[in-house]
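Participant:
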Amino acid sequence: MDVIIGTFDSISEANMDYTLTMYLNQYWRDERLAFGKETDVLALPGDFSEKIWVPDTFLANDKKSYIHDITERNKMIRLHGNGLIEYGMRFTTTLACLMDLHYYPLDVQNCTVEIESYGYTVGDVVMFWRDTPVFGVEEAELPQFTIVGYNANDRKERLATGEYQRLSLSFKLERNIGYFVFQTYLPSILIVMLSWVSFWINHEATSARVALGITTVLTMTTISTGVRSALPRISYVKAIDIYLVMCFVFVFAALLEYAAVNYTYWGGRAKKAKKRDIREAADGCQTQDCKELPKDLGIIELHELAMSPIASLRHRQGKSYKDPPIALPSFRIHRPCNPVRSKSSNLLNNIPKSNQRFLQSLKRTPLKISFPRVKDVNIIDKYSRLVFPISFLLFNVTYWCYYIL
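Counting in the numbering used here, the sequence shown runs from 3 upward without gaps.
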(Lines of atoms letter the chains of each structure in order from A; the text may use other names.)
(Lines give C-alpha, C1' and ligand atoms only; values in the text may rest on other atoms or scores of the structure.)
Protein backbone atom coordinates (compact mmCIF):
# COMPACT_ATOMS: atom_id res chain seq x y z
CA MET A 3 0.00 0.00 0.00
CA ASP A 4 1.19 3.53 -0.75
CA VAL A 5 -0.24 7.05 -0.66
CA ILE A 6 0.18 10.04 -2.96
CA ILE A 7 -0.53 13.38 -1.31
CA GLY A 8 -2.49 15.69 -3.57
CA THR A 9 -3.11 18.79 -1.46
CA PHE A 10 -3.41 19.83 2.15
CA ASP A 11 -6.60 21.84 2.04
CA SER A 12 -7.01 23.19 5.57
CA ILE A 13 -6.21 22.66 9.23
CA SER A 14 -8.73 23.69 11.87
CA GLU A 15 -7.64 24.21 15.47
CA ALA A 16 -11.22 24.88 16.55
CA ASN A 17 -12.45 21.48 15.28
CA MET A 18 -9.18 19.63 15.88
CA ASP A 19 -9.04 18.22 12.34
CA TYR A 20 -7.41 18.69 8.95
CA THR A 21 -8.50 18.10 5.36
CA LEU A 22 -6.41 16.66 2.56
CA THR A 23 -6.86 15.19 -0.91
CA MET A 24 -4.88 12.04 -1.62
CA TYR A 25 -4.56 8.98 -3.82
CA LEU A 26 -4.73 5.63 -2.03
CA ASN A 27 -3.20 2.73 -3.95
CA GLN A 28 -3.56 -0.89 -2.80
CA TYR A 29 -1.76 -3.91 -4.25
CA TRP A 30 -2.48 -7.62 -3.80
CA ARG A 31 -2.27 -10.81 -5.81
CA ASP A 32 -5.25 -12.96 -6.78
CA GLU A 33 -4.02 -16.00 -8.69
CA ARG A 34 -7.55 -16.76 -9.83
CA LEU A 35 -7.37 -13.70 -12.10
CA ALA A 36 -4.02 -14.61 -13.76
CA PHE A 37 -4.29 -14.67 -17.52
CA GLY A 38 -0.78 -14.46 -18.98
CA LYS A 39 2.65 -12.91 -18.49
CA GLU A 40 3.50 -10.40 -15.77
CA THR A 41 4.10 -7.71 -18.35
CA ASP A 42 0.57 -8.01 -19.66
CA VAL A 43 -1.59 -5.29 -18.12
CA LEU A 44 -5.33 -4.92 -18.43
CA ALA A 45 -6.93 -1.60 -17.46
CA LEU A 46 -10.43 -1.98 -16.09
CA PRO A 47 -13.05 0.57 -14.99
CA GLY A 48 -13.51 1.28 -11.32
CA ASP A 49 -16.92 -0.38 -11.27
CA PHE A 50 -15.15 -3.70 -11.88
CA SER A 51 -14.18 -3.67 -8.19
CA GLU A 52 -17.72 -4.78 -7.39
CA LYS A 53 -17.12 -8.06 -9.25
CA ILE A 54 -13.88 -9.12 -7.56
CA TRP A 55 -12.57 -9.36 -4.01
CA VAL A 56 -11.20 -6.08 -2.63
CA PRO A 57 -9.95 -5.31 0.90
CA ASP A 58 -12.39 -3.46 3.18
CA THR A 59 -9.96 -0.63 3.92
CA PHE A 60 -11.14 2.40 5.89
CA LEU A 61 -9.62 5.40 7.64
CA ALA A 62 -9.84 4.96 11.42
CA ASN A 63 -9.63 8.68 12.24
CA ASP A 64 -11.89 9.81 9.41
CA LYS A 65 -14.65 12.37 10.05
CA LYS A 66 -15.96 12.91 6.53
CA SER A 67 -14.77 11.66 3.15
CA TYR A 68 -15.95 11.49 -0.42
CA ILE A 69 -14.63 10.08 -3.69
CA HIS A 70 -14.40 12.54 -6.55
CA ASP A 71 -16.64 11.78 -9.53
CA ILE A 72 -15.71 14.44 -12.13
CA THR A 73 -15.92 13.54 -14.94
CA GLU A 74 -16.12 9.88 -13.93
CA ARG A 75 -15.80 8.21 -10.57
CA ASN A 76 -12.11 8.48 -9.64
CA LYS A 77 -11.38 4.78 -9.20
CA MET A 78 -9.24 2.48 -11.32
CA ILE A 79 -8.18 -1.17 -11.47
CA ARG A 80 -5.17 -2.58 -13.31
CA LEU A 81 -4.91 -6.33 -13.68
CA HIS A 82 -1.51 -7.87 -14.46
CA GLY A 83 -1.10 -11.16 -16.22
CA ASN A 84 0.28 -12.91 -13.13
CA GLY A 85 -2.79 -11.94 -11.05
CA LEU A 86 -1.35 -8.77 -9.48
CA ILE A 87 -4.06 -6.15 -8.94
CA GLU A 88 -3.56 -2.40 -8.57
CA TYR A 89 -6.56 -0.71 -7.00
CA GLY A 90 -6.48 3.07 -6.71
CA MET A 91 -8.87 5.88 -5.83
CA ARG A 92 -8.79 9.64 -5.35
CA PHE A 93 -10.73 11.15 -2.48
CA THR A 94 -10.85 14.08 -0.08
CA THR A 95 -11.03 13.33 3.61
CA THR A 96 -11.31 15.26 6.86
CA LEU A 97 -9.31 13.51 9.56
CA ALA A 98 -9.22 14.04 13.30
CA CYS A 99 -5.98 15.47 14.66
CA LEU A 100 -5.57 15.83 18.41
CA MET A 101 -3.48 18.99 18.83
CA ASP A 102 -1.45 20.19 21.77
CA LEU A 103 -1.88 23.97 21.86
CA HIS A 104 0.25 24.83 24.90
CA TYR A 105 2.80 26.54 22.61
CA TYR A 106 0.25 27.98 20.15
CA PRO A 107 1.09 29.72 17.81
CA LEU A 108 4.73 28.64 18.22
CA ASP A 109 3.79 24.97 18.18
CA VAL A 110 4.56 21.85 16.16
CA GLN A 111 1.74 19.37 15.49
CA ASN A 112 1.67 15.72 14.46
CA CYS A 113 -1.35 14.76 12.34
CA THR A 114 -1.84 11.19 11.21
CA VAL A 115 -3.63 9.08 8.61
CA GLU A 116 -4.78 5.81 10.18
CA ILE A 117 -5.51 3.03 7.65
CA GLU A 118 -7.06 -0.22 8.81
CA SER A 119 -9.13 -3.17 7.63
CA TYR A 120 -12.66 -2.97 8.94
CA GLY A 121 -13.59 -6.64 9.09
CA TYR A 122 -10.50 -8.74 8.33
CA THR A 123 -8.22 -9.48 11.26
CA VAL A 124 -4.48 -10.16 11.04
CA GLY A 125 -5.32 -13.81 10.48
CA ASP A 126 -7.16 -12.90 7.28
CA VAL A 127 -5.31 -9.90 5.82
CA VAL A 128 -1.81 -8.60 6.45
CA MET A 129 -1.37 -4.95 5.51
CA PHE A 130 2.03 -3.29 5.06
CA TRP A 131 3.62 -0.27 3.41
CA ARG A 132 5.62 -0.49 0.20
CA ASP A 133 9.28 0.49 0.14
CA THR A 134 8.30 4.09 -0.60
CA PRO A 135 5.06 4.59 1.29
CA VAL A 136 4.39 8.28 0.52
CA PHE A 137 4.76 10.50 -2.53
CA GLY A 138 4.15 14.18 -3.03
CA VAL A 139 4.95 15.40 0.49
CA GLU A 140 7.70 17.71 -0.72
CA GLU A 141 5.36 19.43 -3.18
CA ALA A 142 2.49 19.87 -0.72
CA GLU A 143 2.08 23.34 0.77
CA LEU A 144 -0.07 24.81 3.51
CA PRO A 145 -0.76 28.50 4.16
CA GLN A 146 0.01 28.39 7.90
CA PHE A 147 2.19 25.28 8.23
CA THR A 148 5.35 23.78 6.86
CA ILE A 149 5.66 20.01 6.51
CA VAL A 150 9.03 19.32 8.09
CA GLY A 151 8.80 15.53 7.87
CA TYR A 152 6.69 12.40 7.98
CA ASN A 153 6.88 8.92 9.42
CA ALA A 154 5.18 5.73 8.23
CA ASN A 155 4.77 2.75 10.54
CA ASP A 156 2.45 -0.14 11.22
CA ARG A 157 1.16 -1.71 14.39
CA LYS A 158 -1.48 -4.10 15.63
CA GLU A 159 -4.62 -2.86 17.31
CA ARG A 160 -6.43 -5.20 19.67
CA LEU A 161 -10.14 -4.47 19.74
CA ALA A 162 -13.20 -6.25 21.12
CA THR A 163 -13.75 -8.04 17.78
CA GLY A 164 -10.14 -9.15 17.34
CA GLU A 165 -6.65 -8.00 16.43
CA TYR A 166 -6.29 -5.79 13.37
CA GLN A 167 -3.37 -4.46 11.37
CA ARG A 168 -3.15 -0.66 11.26
CA LEU A 169 -0.95 1.46 9.01
CA SER A 170 -0.15 4.91 10.30
CA LEU A 171 1.23 7.89 8.40
CA SER A 172 2.24 10.83 10.60
CA PHE A 173 2.97 14.34 9.28
CA LYS A 174 5.07 16.73 11.35
CA LEU A 175 3.65 20.22 10.82
CA GLU A 176 5.45 23.35 12.02
CA ARG A 177 3.29 26.46 12.25
CA ASN A 178 4.43 29.55 10.39
CA ILE A 179 4.68 32.49 12.79
CA GLY A 180 4.57 35.23 10.14
CA TYR A 181 0.78 35.43 10.01
CA PHE A 182 0.47 35.79 13.77
CA VAL A 183 3.24 38.38 13.97
CA PHE A 184 1.27 40.77 11.75
CA GLN A 185 -2.17 39.72 12.96
CA THR A 186 -1.66 39.57 16.74
CA TYR A 187 1.82 40.23 18.12
CA LEU A 188 2.71 43.44 16.28
CA PRO A 189 -0.68 45.13 16.88
CA SER A 190 -0.46 44.21 20.57
CA ILE A 191 3.03 45.70 20.85
CA LEU A 192 1.92 48.90 19.14
CA ILE A 193 -1.13 49.21 21.40
CA VAL A 194 1.06 48.84 24.50
CA MET A 195 3.46 51.47 23.18
CA LEU A 196 0.53 53.73 22.37
CA SER A 197 -0.60 53.57 26.00
CA TRP A 198 2.77 55.04 27.02
CA VAL A 199 1.97 58.26 25.13
CA SER A 200 -0.16 59.33 28.10
CA PHE A 201 3.03 59.70 30.18
CA TRP A 202 3.99 62.69 28.01
CA ILE A 203 0.54 64.32 28.17
CA ASN A 204 -0.04 67.01 30.79
CA HIS A 205 -1.61 65.54 33.90
CA GLU A 206 -4.28 68.23 33.87
CA ALA A 207 -5.55 67.00 30.47
CA THR A 208 -7.84 64.47 32.10
CA SER A 209 -10.10 63.81 29.12
CA ALA A 210 -7.18 63.15 26.76
CA ARG A 211 -5.37 60.71 29.04
CA VAL A 212 -8.50 58.86 30.14
CA ALA A 213 -9.75 58.54 26.55
CA LEU A 214 -6.38 57.20 25.42
CA GLY A 215 -6.24 54.69 28.27
CA ILE A 216 -9.76 53.38 27.75
CA THR A 217 -9.24 53.11 23.98
CA THR A 218 -6.10 51.00 24.36
CA VAL A 219 -7.78 48.74 26.92
CA LEU A 220 -10.78 48.14 24.65
CA THR A 221 -8.51 47.50 21.66
CA MET A 222 -6.57 44.85 23.55
CA THR A 223 -9.86 43.25 24.57
CA THR A 224 -10.96 43.12 20.93
CA ILE A 225 -7.69 41.49 19.84
CA SER A 226 -7.97 38.87 22.59
CA THR A 227 -11.56 38.08 21.64
CA GLY A 228 -10.63 37.62 17.99
CA VAL A 229 -7.82 35.21 18.86
CA ARG A 230 -10.00 33.12 21.17
CA SER A 231 -12.78 32.82 18.59
CA ALA A 232 -10.50 30.80 16.28
CA LEU A 233 -9.51 28.31 19.00
CA PRO A 234 -11.34 25.54 20.83
CA ARG A 235 -12.55 26.13 24.37
CA ILE A 236 -9.70 24.44 26.16
CA SER A 237 -8.88 24.90 29.82
CA TYR A 238 -5.09 25.16 29.75
CA VAL A 239 -3.15 28.35 29.07
CA LYS A 240 -1.60 28.87 25.63
CA ALA A 241 1.48 30.86 24.72
CA ILE A 242 -0.56 33.53 22.97
CA ASP A 243 -2.82 33.84 26.03
CA ILE A 244 0.16 34.71 28.20
CA TYR A 245 1.31 37.37 25.75
CA LEU A 246 -2.11 38.98 25.35
CA VAL A 247 -2.76 38.96 29.10
CA MET A 248 0.56 40.63 29.82
CA CYS A 249 -0.09 43.26 27.12
CA PHE A 250 -3.48 43.89 28.70
CA VAL A 251 -1.81 44.25 32.11
CA PHE A 252 0.65 46.83 30.76
CA VAL A 253 -2.14 48.81 29.09
CA PHE A 254 -4.32 48.69 32.19
CA ALA A 255 -1.36 49.64 34.41
CA ALA A 256 -0.80 52.73 32.26
CA LEU A 257 -4.40 53.74 32.92
CA LEU A 258 -3.98 53.14 36.66
CA GLU A 259 -0.79 55.21 36.59
CA TYR A 260 -2.78 58.23 35.53
CA ALA A 261 -5.32 57.50 38.26
CA ALA A 262 -2.46 57.69 40.78
CA VAL A 263 -1.16 60.91 39.23
CA ASN A 264 -4.60 62.49 39.22
CA TYR A 265 -5.34 61.46 42.82
CA THR A 266 -1.99 62.74 44.05
CA TYR A 267 -2.30 66.04 42.20
CA TRP A 268 -5.85 66.95 43.19
CA GLY A 269 -5.47 65.51 46.68
CA GLY A 270 -2.44 67.71 47.26
CA ARG A 271 -4.30 70.76 46.00
CA ALA A 272 -7.22 70.02 48.32
CA LYS A 273 -4.91 69.76 51.33
CA LYS A 274 -3.20 73.02 50.46
CA ALA A 275 -6.56 74.75 50.07
CA LYS A 276 -7.71 73.41 53.43
CA LYS A 277 -4.56 74.61 55.19
CA ARG A 278 -4.92 78.01 53.55
CA ASP A 279 -8.54 78.32 54.74
CA ILE A 280 -7.54 77.40 58.30
CA ARG A 281 -4.70 79.90 58.27
CA GLU A 282 -6.94 82.66 56.93
CA ALA A 283 -9.55 81.85 59.57
CA ALA A 284 -6.91 82.01 62.31
CA ASP A 285 -5.62 85.34 61.03
CA GLY A 286 -9.14 86.73 60.84
CA CYS A 287 -9.85 85.59 64.39
CA GLN A 288 -7.36 88.09 65.75
CA THR A 289 -9.15 91.05 64.14
CA GLN A 290 -12.75 90.10 64.79
CA ASP A 291 -14.88 89.77 67.88
CA CYS A 292 -15.30 86.22 69.13
CA LYS A 293 -19.05 86.49 68.85
CA GLU A 294 -18.76 86.78 65.11
CA LEU A 295 -16.95 83.44 64.81
CA PRO A 296 -18.71 80.18 64.16
CA LYS A 297 -19.33 78.07 67.18
CA ASP A 298 -16.99 75.35 65.89
CA LEU A 299 -13.98 77.66 66.11
CA GLY A 300 -14.73 78.81 69.67
CA ILE A 301 -15.21 75.37 71.24
CA ILE A 302 -12.66 72.81 72.34
CA GLU A 303 -13.64 69.30 73.35
CA LEU A 304 -12.14 67.99 76.54
CA HIS A 305 -10.16 65.29 74.73
CA GLU A 306 -8.65 68.03 72.56
CA LEU A 307 -7.18 69.58 75.71
CA ALA A 308 -5.62 66.27 76.63
CA MET A 309 -4.06 65.89 73.20
CA SER A 310 -2.97 69.52 72.87
CA PRO A 311 0.44 70.87 73.88
CA ILE A 312 -1.06 72.95 76.74
CA ALA A 313 0.05 70.41 79.34
CA SER A 314 3.65 70.82 78.29
CA LEU A 315 3.27 74.59 78.66
CA ARG A 316 2.06 74.11 82.22
CA HIS A 317 5.05 71.94 83.12
CA ARG A 318 7.40 74.52 81.75
CA GLN A 319 5.83 77.15 83.99
CA GLY A 320 6.58 74.95 87.00
CA LYS A 321 3.40 75.95 88.84
CA SER A 322 1.39 73.72 91.16
CA TYR A 323 -2.18 74.21 92.21
CA LYS A 324 -4.01 72.87 95.21
CA ASP A 325 -7.55 73.34 94.09
CA PRO A 326 -10.04 70.82 95.34
CA PRO A 327 -10.53 67.84 93.04
CA ILE A 328 -13.36 68.09 90.61
CA ALA A 329 -15.16 65.48 88.58
CA LEU A 330 -14.24 65.00 84.94
CA PRO A 331 -16.40 67.37 82.95
CA SER A 332 -18.32 66.09 79.96
CA PHE A 333 -19.06 69.50 78.56
CA ARG A 334 -17.49 71.79 75.98
CA ILE A 335 -15.31 74.73 77.00
CA HIS A 336 -15.79 77.99 75.10
CA ARG A 337 -12.61 79.87 74.51
CA PRO A 338 -12.14 83.49 73.50
CA CYS A 339 -10.27 84.38 70.41
CA ASN A 340 -7.11 86.13 71.43
CA PRO A 341 -6.20 84.62 74.79
CA VAL A 342 -6.82 81.03 73.76
CA ARG A 343 -3.59 79.57 74.98
CA SER A 344 -3.46 81.39 78.35
CA LYS A 345 -7.01 80.56 79.43
CA SER A 346 -6.75 77.00 78.17
CA SER A 347 -3.56 76.63 80.17
CA ASN A 348 -5.32 77.98 83.28
CA LEU A 349 -8.17 75.52 82.81
CA LEU A 350 -5.74 72.64 82.55
CA ASN A 351 -3.82 73.83 85.60
CA ASN A 352 -7.03 73.97 87.62
CA ILE A 353 -7.54 70.23 87.08
CA PRO A 354 -5.96 68.08 89.83
CA LYS A 355 -2.96 65.93 88.98
CA SER A 356 -4.93 62.70 89.41
CA ASN A 357 -7.40 63.86 86.81
CA GLN A 358 -4.58 65.00 84.59
CA ARG A 359 -3.04 61.53 84.72
CA PHE A 360 -6.41 60.11 83.83
CA LEU A 361 -6.62 62.44 80.88
CA GLN A 362 -3.19 61.35 79.77
CA SER A 363 -4.31 57.71 79.92
CA LEU A 364 -7.17 58.53 77.56
CA LYS A 365 -4.74 59.42 74.83
CA ARG A 366 -4.77 56.98 71.97
CA THR A 367 -2.31 56.97 69.15
CA PRO A 368 -4.26 56.23 65.94
CA LEU A 369 -2.88 53.63 63.51
CA LYS A 370 -1.71 55.41 60.40
CA ILE A 371 -0.39 53.96 57.15
CA SER A 372 2.41 56.10 55.85
CA PHE A 373 2.71 56.56 52.09
CA PRO A 374 5.64 58.20 50.37
CA ARG A 375 4.84 61.83 49.79
CA VAL A 376 5.18 63.03 46.23
CA LYS A 377 5.62 66.78 46.06
CA ASP A 378 5.72 66.90 42.25
CA VAL A 379 3.33 64.56 40.41
CA ASN A 380 5.45 64.85 37.28
CA ILE A 381 7.95 62.55 38.98
CA ILE A 382 5.47 59.66 38.62
CA ASP A 383 5.25 60.24 34.87
CA LYS A 384 9.03 60.56 34.58
CA TYR A 385 9.60 57.22 36.29
CA SER A 386 6.82 55.58 34.27
CA ARG A 387 8.48 56.65 31.01
CA LEU A 388 11.44 54.52 32.02
CA VAL A 389 9.92 51.68 34.03
CA PHE A 390 7.18 50.66 31.58
CA PRO A 391 9.36 50.27 28.44
CA ILE A 392 12.11 48.43 30.31
CA SER A 393 9.63 46.05 31.94
CA PHE A 394 7.92 45.34 28.62
CA LEU A 395 11.27 44.73 26.93
CA LEU A 396 12.31 42.26 29.63
CA PHE A 397 9.00 40.45 29.29
CA ASN A 398 9.44 40.10 25.51
CA VAL A 399 12.99 38.81 25.85
CA THR A 400 11.88 36.22 28.40
CA TYR A 401 8.83 35.21 26.38
CA TRP A 402 10.55 34.69 23.04
CA CYS A 403 13.58 32.97 24.55
CA TYR A 404 11.36 30.51 26.40
CA TYR A 405 9.08 29.56 23.51
CA ILE A 406 11.54 29.66 20.61
CA LEU A 407 14.98 28.71 21.93
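Note that beta-carbon positions come from the ideal geometry of N, C-alpha and C, so glycine has one too.
Taking E165 as the reference, give the member of P145, G180 and Y120 with the closest Cα.
Facilitator: Y120
Participant: From this set, G151, M78, A210 and Y152, which residue's C-alpha is nearest P47's C-alpha?
Facilitator: M78
Participant: Taking 7 angstroms as the threshold (C-beta atoms), are V128 and P57 in contact?
Facilitator: Cβ distance not < 7 angstroms, so P57 and V128 don't count as in contact.
Participant: Please classify T114 as buried or exposed, where buried requires at least 16 other C-beta atoms within 10 Å of its C-beta.
Facilitator: buried
Participant: So for Q185, helix, strand or coil by DSSP?
Facilitator: helix
Participant: Less than 7 angstroms between C-beta atoms, sequence neighbours within five positions excluded: which residues of the same chain meet that for T186?
Facilitator: I225, V229 and I242.
Participant: Which residue wins for smallest C-alpha separation from I406, given the options L246, L35, I87 and E176?
Facilitator: E176
Participant: Apply the 10 Å Cβ neighbour rule to H104 and answer buried if 16 or more other Cβ atoms are within range, or exposed otherwise.
Facilitator: exposed
Participant: Tell me, please, whether the region 129-145 touches the region 87-106 by the rule of three or more beta-carbon pairs shorter than 8 angstroms.
Facilitator: no
Participant: First and last residue of the beta strand (DSSP E) that includes S119?
Facilitator: It spans V110 to S119 - the beta strand (DSSP E) in which S119 sits, taken as one unbroken run.
Participant: What do you get for I7, buried or exposed, if any count of 16 or more other CB atoms within 10 angstroms of its CB means buried?
Facilitator: buried
Participant: Are W30 and I87 closer than 7 angstroms when you measure CB to CB?
Facilitator: yes
Participant: Can you tell me the Cβ-Cβ gap for R80 and A45, rounded? I've got them flagged as a contact below 8 angstroms.
Facilitator: 6 angstroms
Participant: Please report the straight-line C-alpha distance between Y89 and Y245, rounded to a whole angstrom.
Facilitator: 51 angstroms
Participant: How is T266 classed by DSSP in three states: helix, strand or coil?
Facilitator: helix
Participant: If distances are taken between C-alpha atoms only, which option among L395, L171, Y122 and P145 comes closest to L161?
Facilitator: Ranking the options by Cα distance to L161, first place goes to Y122.
Participant: Are there 16 or more other CB atoms within 10 angstroms of the CB of I193, so buried, or fewer, so exposed?
Facilitator: buried
Participant: Report the three-state DSSP secondary structure of I69 (helix, strand or coil).
Facilitator: The answer is strand: DSSP assigns I69 an E or B state.
Participant: Going by other Cβ atoms of all chains shown within 10 Å of its Cβ, with 16 needed for buried, is R211 buried or exposed?
Facilitator: buried
Participant: Would you identify the three-state DSSP class for M91, choosing helix, strand or coil?
Facilitator: strand
Participant: For N76, which residues of its own chain have a beta-carbon under 8 angstroms away from its beta-carbon, when the five flanking residues on both sides are left out?
Facilitator: G48, I69, H70, M91, R92 and F93
Participant: Looking only at its own chain, which residues have a Cβ that is under 7 angstroms from the Cβ of Q28, when we skip the five neighbours before and after it?
Facilitator: Exclusion of the five residues before and after Q28 leaves M3, P57, T59 and Y89 as the residues of its chain whose Cβ lies within less than 7 angstroms of its Cβ.
Participant: Taking only the alpha-carbon atoms, compute the straight-line gap between L196 and W131 and give it to the nearest angstrom.
Facilitator: L196 and W131: Cα-Cα distance of roughly 57 angstroms.
Participant: I'd like the list of long-range same chain contacts for L108, defined as Cβ closer than 8 angstroms, with 5 residues on each side in sequence excluded.
Facilitator: So the qualifying residues of the chain are R177, I179, A241, Y405 and I406.
Participant: Along the chain, where does the beta strand (DSSP E) containing L81 start, and where does it finish?
Facilitator: K77 to H82 is the span of the beta strand (DSSP E), which, as asked, contains L81.
Participant: Measuring CA to CA, which of S14, E116 and L100 is closest to L409?
Facilitator: Nothing about residue 409 can be reported from this structure: the residues present for the chain run from 3 to 407 only.
Participant: Give the DSSP-derived three-state secondary structure of A45 in the structure shown.
Facilitator: Here A45 sits in strand by DSSP.
Participant: In three-state DSSP terms, what is M24?
Facilitator: strand
Participant: For the alpha helix (DSSP H) holding I406, just list the boundary residues, first then last.
Facilitator: N380 to I406
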